[in-house]
Amino acid sequence: MEVIIRPTERDCAVVAADIVERYVRCGATLGLATGSTPVGTYAELIARHRDQGLSFAQCRAFLLDEYVGLPREHEQSYYRTIRREFTAHVDLDDAAVASPDGTAPHPGEAAAAYDAAIAAAGGVDIQILGVGTDGHIAFNEPGSSLASRTRMKTLHPDTVRDNSRFFGGDSAAVPRHVLTQGIGTIREARHLVLLAFGESKASAVRALVEGPVAAVCPASALQLHPQATVIVDEAAAGLLEHTEYYRFAYDNKPDWQR
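Counting from 227, one number per residue, gives the positions in the sequence shown under our numbering.
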């Protein structure tokens with residue numbers, strides 16, 4: 227695992243966009259996350275498309291998750307969110323952006339079909355991730371199997387409460403179930419890039435980077451991945467023990483590895 231510590235959230239977004247750009251230029255399959263964490267990275271990629279001609283035309287994308295029972299037309303569906311925040315602003319064909327079918331009559335079948343679609347596309351080349359304050363990734367809450375596949379999950383009450391801000395502060399409006407890529411599915415991506423910002427994420431960052439690999443911190447599964455990059459700002463890195471080494475390793479990285 228490579229840990230990159232930058233001064234600010236903006237600096238982190240630039241580093242993440244640099245990594246993603248290399249894959250975009252190869253026509254890669256992108257794994258996209260929603261939520262507030264990757265928005266800065268998406269904004270940076272949109273600017274590079276607009277100002278530098280970075281083209282996404284040869285790429286395709288898969289989303290991490292979707293609410294069960296929420297129509298795609300709903301403003302807070304992840305189908306709509308990723309288009310509003312990112313893909314509608316670049317030359318990525320709308321039909322090339324796939325997400326789990328949260329309205330399917332049989333969620334288990336829809337989940338299996340989604341895993342099959344990812345496999346048929348040759349897998350995800352680079353997966354963008356955020357992490358919850360409790361260490362969850364996608365909607366894999368603490369206790370999730372580290373070998374889990376895409377499936378339906380019940381949201382933790384804390385997650386419902388956190389997500390209520392997207393629903394006008396009304397927790398009752400937040401769906402209680404989601405279809406989410408499992409940790410096993412996520413780990414099959416060739417490169418994982420996890421972003422975390424702010425003091426509230428410091429405990430989760432310490433657990434996923436320096437703690438034991440355990441289902442109680444689903445993001446700790448990144449320790450088992452052959453190419454995982456964790457990009458955090460100073461505040462999110464505040465509880466890490468080995469920051470001096472992480473900084474040294476990044477600052478002295480050979481050019482061919484950047």
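Glycine residues also receive a C-beta, built at the ideal position from the N, C-alpha and C atoms.
In this text the structure is predicted, and so the values were computed from the model without any measurement.
Contact check, residue i vs residue j, beta carbons under 7 Å
i: I409; j: S374; result: yes
i: V323; j: C285; result: no
i: E311; j: Y268; result: yes
i: T455; j: V419; result: yes
i: L258; j: F282; result: no
i: V316; j: E270; result: no
i: I363; j: P264; result: no
i: L280; j: Y304; result: no
i: P444; j: G356; result: no
i: P333; j: V294; result: yes
i: G261; j: E235; result: no
i: Y472; j: I231; result: yes
Cα-Cα separation, residue i to residue j
i: D481; j: C252; result: 19 Å
i: D327; j: L405; result: 8 Å
i: D351; j: P233; result: 27 Å
i: E460; j: P297; result: 38 Å
i: H193; j: V458; result: Any question about residue 193 goes unanswered here, given that the chain covers just 227 to 484.
i: G464; j: E425; result: 7 Å
i: Y476; j: K379; result: 37 Å
i: S370; j: A342; result: 21 Å
i: P331; j: G349; result: 26 Å
i: H403; j: L448; result: 25 Å
i: V400; j: T307; result: 15 Å
i: A338; j: H417; result: 22 Å
i: Q407; j: D291; result: 6 Å
i: Q453; j: E228; result: 8 Å
i: A440; j: R276; result: 42 Å
i: F365; j: N478; result: 35 Å
i: A287; j: A254; result: 9 Å
i: T411; j: D396; result: 31 Å
i: D320; j: T313; result: 7 Å
Residue i - partner residues in DSSP beta bridges
i: T234; result: The partner list for T234 (beta bridge, DSSP) is empty, contrary to what the question assumes.
i: C443; result: A440
i: E228; result: T455
i: T255; result: R286
Three-state class that DSSP yields for residue i in the structure shown
i: D244; result: helix
i: D459; result: strand
i: T329; result: coil
i: L448; result: helix
i: A324; result: strand
i: L434; result: helix
i: H315; result: helix
i: E467; result: coil
Go through the stretch 343-426 residue by residue and report every complete run of the alpha helix (DSSP H) that reaches 4 residues or more, in order.
Segments of the alpha helix (DSSP H) lying fully in the stretch 343-426: 383-389 and 409-413.
Runs of beta strand (DSSP E) lying entirely within the stretch 258-313, each at least 3 residues, in chain order:
Entirely contained in the stretch 258-313, the beta strand (DSSP E) runs reaching 3 residues are, in chain order, 286-289 and 291-293.
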